[in-house]
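Take 52 as the starting number for the sequence shown in this note's numbering and just add one per residue.
Using N, Cα and C, we set each Cβ at its ideal position, and we do this for glycine too.
As the structure is a computational prediction, the values presented were derived from the model and not from experiment.
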Amino acid sequence: MASGKATLKLYNTLTRAKGEFTPLDPANVRMYVCGPTVYDFAHIGNARPVIVFDVLFRLLRHLYGAEHVTYVRNITDVDDKINARAARDYPDLPLNEAIRKVTETTNAQFQADVKALGCLEPTVQPRATEHIAEMIAMITTLVDKGHAYPADGHVLFDVKSFRSNGEVEYGKLSRRSLDEMLAGARVEVAPYKRDPMDFVLWKPSTPEEPGWDSPWGRGRPGWHIECSAMSEKHLGEVFDIHGGGIDLAFPHHENELAQSRCAHDTAMMAQVWMHNGFLQVEGRKMAKSEGNFVTISDLLNTDKFGGRKWPGEVLRLAMLMTHYREPIDFSVARLEEARNLLSGFWSHPEFMEGNDEAVECSVLDALSDDLNTPRAIAALHQLYKVGDFRSLGPTLRALGFAKDPFAADVADVQAVDAAIAARLAALNAKDFATADRIRAELLEQGIQLKDAKNEAGERVTTWEVKR
Ligand code: AMP
Ligand code: ZN
52 MASGKATLKL YNTLTRAKGE FTPLDPANVR MYVCGPTVYD FAHIGNARPV IVFDVLFRLL
112 RHLYGAEHVT YVRNITDVDD KINARAARDY PDLPLNEAIR KVTETTNAQF QADVKALGCL
172 EPTVQPRATE HIAEMIAMIT TLVDKGHAYP ADGHVLFDVK SFRSNGEVEY GKLSRRSLDE
232 MLAGARVEVA PYKRDPMDFV LWKPSTPEEP GWDSPWGRGR PGWHIECSAM SEKHLGEVFD
292 IHGGGIDLAF PHHENELAQS RCAHDTAMMA QVWMHNGFLQ VEGRKMAKSE GNFVTISDLL
352 NTDKFGGRKW PGEVLRLAML MTHYREPIDF SVARLEEARN LLSGFWSHPE FMEGNDEAVE
412 CSVLDALSDD LNTPRAIAAL HQLYKVGDFR SLGPTLRALG FAKDPFAADV ADVQAVDAAI
472 AARLAALNAK DFATADRIRA ELLEQGIQLK DAKNEAGERV TTWEVKR
């Protein structure tokens, strides 16, 4: 792709405004996105930040050059939910071994899911358990600088110590006062906390729980410190973009920002904070108790949702039909709309021949306007309508749609031809029941038969993929 000069504008949660993006160092544009806690299959809500920030990663690579962008997405592999799952699923194994099984299996599943969604691998996917030394070092710095204090085997961050010009800075990202945060958080206030909003950097582990030796005894890190330590290690003390779902703005990102700025004495952690809106399913909050909880794997590999499997490309397009900051209602109707649109494109597969320089500028303009993917998709549709296939292919590729998601439907042409021959034989033998059954079975696989007669008056059956 050509290195375009479109101006990129991004909405920044920190300033509550859309502004022009200027990288700190255009030779190394740096983005950090909070990744999964690996204890269970990722659900379709988790897919949203993965897809949204993949689109941004691709756009940054297009604008600044692929080798000038570093994208870090962490893997949280130490967490109490992981411990609980390990004890439940592998009761006969030592806990640490059981934990490794849970995190390895879940991570492998996650990587396969997001690959199917057309996402590029981030530049680095650091694991929390491989950065414990960095976390301990950062906590030590925070204690030394008077921003954290050990208490009762824990180390806590002192939120009121985070000040600028005498004013408390904690809460500026999510725009909450300490009082509001306290009212909203309903945290159980441990007696050893100086302020109820002080949060855990380190906590003690029982002998059975995973733990590491530290100046404060054997224990494990809190969740927030992971991202501060790993982003510093892989991106530096300050970087360009920090992303995640809107639920992470408070307290997770507020805490990350406080830790990093206090540890490094910097005026910022990231220039731009980006948050995707929430996803609900068929009009309701997704929850196991609602019976509308859908994993990425359910959609890709089973017919639990809408009675069919959905190719990753269809899920990706369905997600991008809504602007990333808006809430999404994920539904069968939405998936069908995405499927129809994509199958229209793929009914002219010659479009994939276009060369990569031809990315359509109206699509680039839309993406450069705070990732306006609905406008980009409308522009794609326009290219399709006017038959500009030279631009359609490269533009689709640039958005992460690289292969025909319906190709699997027509995988075994020979089997279809054999079934047609068998049906013809059945018809000739007046075995209409068998003939109808074969026709119905093919239809179930998405193969529609068409009967016609040739000049000699013989039956000729052709077929097409029903999309
Ligand atoms: P978690 O594993 O819960 O920490 O979530 C991983 C990522 O998925 C975070 O960026 C969350 O903000 C995001 N996420 C979780 N649930 C949803 C949802 N229903 N809609 C959109 N994003 C979500
Ligand atoms: Zn994080």
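task = Answer yes if the region 76 to 84 comes into contact with the region 342 to 350, meaning at least three C-beta pairs across the two stretches below 8 Å, and no otherwise.
result = no
message = Can you confirm whether the region 159 to 173 touches the region 442 to 449 when touching is taken to mean that 3 or more C-beta pairs between the two stretches lie within less than 8 Å?
response = Not touching, per the Cβ criterion.
ask   = If you pair each beta-carbon of the region 389 to 396 with each one of the region 87 to 97, do three or more pairs fall below 8 Å?
value = The region 389 to 396, when compared against the region 87 to 97, does not touch it at the 8 Å Cβ threshold.
request  = Can you tell me the Cβ-Cβ gap for Arg510 and Ile489, rounded? I've got them flagged as a contact below 8 Å.
outcome  = That pair is no contact at about 14 Å.
Three-state secondary structure (DSSP) of Trp397 = helix
ask   = Is there at least one non-hydrogen atom of ligand 1 closer than 8 Å to the beta-carbon of Asp298?
value = yes
ask   = According to DSSP, which residues form a beta bridge with Gln499?
value = Glu515
ask   = Quick one: is the Cβ of Asn97 within less than 8 Å of any heavy atom of ligand 2?
value = no
inquiry  = Please identify the residue among Trp274, Glu220 and Gly204 whose C-alpha is closest to the C-alpha of Lys519.
reply    = The first residue shown for the chain is 52 and the last is 518, placing residue 519 beyond what the model contains.
key: Identity of the residue in Ala453, Ala184 and Phe301 nearest Glu231 by Cα   = Among Ala453, Ala184 and Phe301, the Cα nearest to that of Glu231 is on Phe301.
message = According to DSSP, simplified to helix, strand and coil, what is Tyr435?
response = Judged by DSSP in its simplified three-state form, Tyr435 adopts helix.
request  = Output the distance between the C-alpha atoms of Asp417 and Lys504, rounded to the nearest integer angstrom.
outcome  = This sequence places Ala at residue 417; Asp is not what is there. So the alpha carbons of these two residues sit roughly 50 Å apart.
ask   = Does the count of Cβ pairs from the region 95 to 105 and the region 56 to 66 closer than 8 Å reach three?
value = They do not touch, by the three-pair rule.
request  = Grab the span of the beta strand (DSSP E) containing Gln331 for me, first residue to last.
outcome  = Leu330 to Val332
ask   = Exposed or buried, Gly323, counting other C-beta atoms within 10 Å across all chains shown (16 or more means buried)?
value = Note that residue 323 is Val in the sequence shown here, rather than Gly. Buried, by the Cβ-count rule.
ask   = Taking the DSSP output, what are the residues bridged to Glu71?
value = Lys60
inquiry  = Within 10 Å of its beta-carbon, does His182 have 16 or more other beta-carbons around it, so buried, or fewer, so exposed?
reply    = buried
query = Any heavy atom of ligand 2 within a distance shorter than 8 Å of the CB on His304?
reply = yes
key: Candidates Lys132, Leu434, Leu386 and Thr257, of which the one nearest Phe402 by Cα   = Leu434
key: Those residues which DSSP pairs with Lys254 across a bridge   = Arg271
message = Which same chain residues end up closer than 8 Å to Gly287 when comparing Cβ atoms and leaving out the 5 residues on each side of it in sequence?
response = The beta carbon of Gly287 is closer than 8 Å to those of Arg81 in its chain, skipping five residues each way along the sequence.
ask   = Got a sec? Which residues, its chain only, sit under 6 Å from Val461 by beta carbon, not counting five neighbours each side?
value = Any reading at Val461 must be qualified, since the residue scores a pLDDT of 49, below 50, and its modelled position is unreliable; the value itself is stated next. Only Val516 meet the Cβ criterion.
ask   = Does the Cβ of Thr353 lie closer than 8 Å to at least one heavy atom of ligand 1?
value = no
task = Using DSSP bridges, identify the partner residues of Pro201.
result = Assignment of beta-bridge partners to Pro201 by DSSP yields Val206.
query = Counting Cβ pairs, one atom from each stretch, are 3 or more of them under 8 Å apart for the region 374 to 384 and the region 329 to 339?
reply = yes
key: When Thr485, His399, Ala429 and Leu371 are compared against Arg99, the one with the closest alpha-carbon   = Checking every option, the nearest Cα to that of Arg99 belongs to Leu371.
task = Identify the continuous beta strand (DSSP E) that holds Asn327 and give its terminal residues.
result = Where Asn327 is concerned, the enclosing beta strand (DSSP E) stretches over Ala321 to Asn327.
task = Using only alpha-carbon positions, find the residue among Ala321, Ser311 and Gly296 that is nearest to Pro378.
result = Residue Gly296 is the option with its Cα nearest to Pro378.
ask   = If you draw a straight line from the alpha carbon of Met325 to that of His293, how long is it in whole angstroms?
value = 6 Å
query = Going straight from the alpha carbon of Asn134 to that of Lys436, what length do you get?
reply = 53 Å
ask   = Who are the Cβ neighbours of Ala68 in its own chain at under 8 Å, not counting the five residues just before and after it?
value = Tyr62
key: Met372: CB within 8 Å of a non-hydrogen atom of ligand 1   = Result no, Cβ not under 8 Å from ligand 1.
ask   = Do the CB positions of Ala179 and Pro272 come within less than 9 Å of each other?
value = yes
ask   = Among Gly268, Tyr115 and Ala199, which one has its Cα closest to the Cα of Phe250?
value = The residue from Gly268, Tyr115 and Ala199 with its alpha-carbon nearest to that of Phe250 is Ala199.
request  = Let me know the secondary structure DSSP gives Thr191 once reduced to three states.
outcome  = Here Thr191 sits in helix by DSSP.
Where the alpha helix (DSSP H) containing Arg448 begins and where it ends = Phe440 to Ala449
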